[in-house]
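A.B. asks: Dropping the structure in here first, questions after.
Below, the structure is given as structure tokens:
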């Protein structure tokens, strides 16, 4: 009976060790399986890319013409009449308040 009791814990510990090792091996084996699919597709297309050569004709390019200079705005030189109307309007508002 004593032999049976000592064998059972040994067997249990061996099973626990083997279970932990199998989990570790499983994790190591599955790590290389994950690949970056998007990067592989990008690199494949990048390797297969061949730029096309386009001939540029001289008729396609236009000569540079600078824009016309803007004109200065024209103001009325005699603003005294407008100032007088403004002052009269301002004093009328002050009187009514």
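Numbering (this note's numbering), first residue to last: 89 to 185. Using N, Cα and C, we set each Cβ at its ideal position, and we do this for glycine too. If you're wondering where the values come from, they're calculated on a predicted model, not measured in any experiment.
Helix, strand or coil for residue 148, going by three-state DSSP, please let me know.
C.D. replies: In the three-state DSSP reduction, residue 148 falls in the helix class (H, G or I).
A.B. asks: According to DSSP, is residue 140 helix, strand or coil?
C.D. replies: DSSP places residue 140 in coil when its eight states are reduced to three.
A.B. asks: Per DSSP, what kind of secondary structure is residue 159 in: helix, strand or coil?
C.D. replies: In the structure shown, residue 159 sits in coil (DSSP, three-state: anything other than H, G, I, E or B).
A.B. asks: Specify the secondary structure class of residue 123 as computed by DSSP and reduced to three states.
C.D. replies: When secondary structure is reduced to three states using DSSP, residue 123 falls in the coil class, being assigned neither helix nor strand.
A.B. asks: In angstroms with no decimal places, state the Cα-to-Cα distance between residue 128 and residue 139.
C.D. replies: So the two alpha carbons sit approximately 20 Å from each other.
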